[in-house]
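Step one of this worksheet: look at the structure below.
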Amino acid sequence: MKFAKALRIPALILGLTSTAYAQDIPLMQENWLRYKVNGTDIPGLKHSISIRGPDGFWAFTEWRLRATELCFVTVTVNYYIPEIRDRSAVPANVLVKWDRMIENLITHEKKHGQNGFEAAKEVMANKCENAVEITKRWAEKDRLLDQKTRHGVLDGVFLE
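Residues 24 to 183, numbered by the working numbering, are exactly what the sequence shown covers, in order.
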């Protein structure tokens with residue numbers, strides 16, 4: 024069973040745009056994208072997630088850094104999480120378990136998003152020097168996070 028997946032491939036895009044003002048911390052944009060799942064019980068929901076989830080995972084987070092010539096850094100974080108298509112068809116006891124799993128899933132995925140933000144801060148602190156190496160190092164931290172938490176299971180990302 025696959026659970027949350029971290030970053031696929033981090034991207035650092037060095038732009039050619041100039042910015043005339045100073046920036047102390049990176050700008051961060053978060054986008055929450057939901058994919059629909061069907062089911063009225065735990066096995067049905069788990070099956071739907073396994074079919075519809077990004078690359079067979081329950082959730083997915085990707086972050087991308089953009090930097091200008093003056094090292095103005097922006098990080099965009101996209102979170103992909105499941106959402107029940109018709110909550111009214113799901114019994115209350117199943118929704119309680121689902122909602123708890125989603126809360127834990129969001130907490131876990133935000134850790135990946137924070138890694139993207141930390142990568143952006145480090146890139147800025149180094150005035151965009153060694154940006155690719157810094158980005159790769161933080162992507163590795165994402166991979167280790169999933170390894171350590173068994174893709175979120177140890178963070179409470181499961182349905183039973």
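Glycine residues also receive a C-beta, built at the ideal position from the N, C-alpha and C atoms.
Beta carbon of residue i nearer than 9 Å to that of residue j
i	j	result
residue 130	residue 179	yes
residue 71	residue 114	no
residue 119	residue 49	no
residue 155	residue 108	no
residue 144	residue 102	no
residue 142	residue 162	yes
residue 64	residue 117	yes
residue 76	residue 127	no
residue 68	residue 182	yes
Coarse secondary structure for residue i, derived from DSSP in three states
i	result
residue 161	helix
residue 138	helix
residue 48	coil
residue 86	strand
residue 183	coil
residue 167	helix
Candidates the options: closest to residue i by CA position
i	options	result
residue 157	80, 118 and 139	139
residue 152	83, 54, 69 and 93	93
residue 66	121, 173, 146 and 167	121
Assigned exposure category for residue i - 16 Cβ within 10 Å defines buried
i	result
residue 44	Since pLDDT at residue 44 reaches only 49, below the 50 mark, its modelled position is unreliable, and no value is offered.
residue 136	buried
residue 62	buried
residue 57	exposed
residue 169	buried
residue 55	exposed
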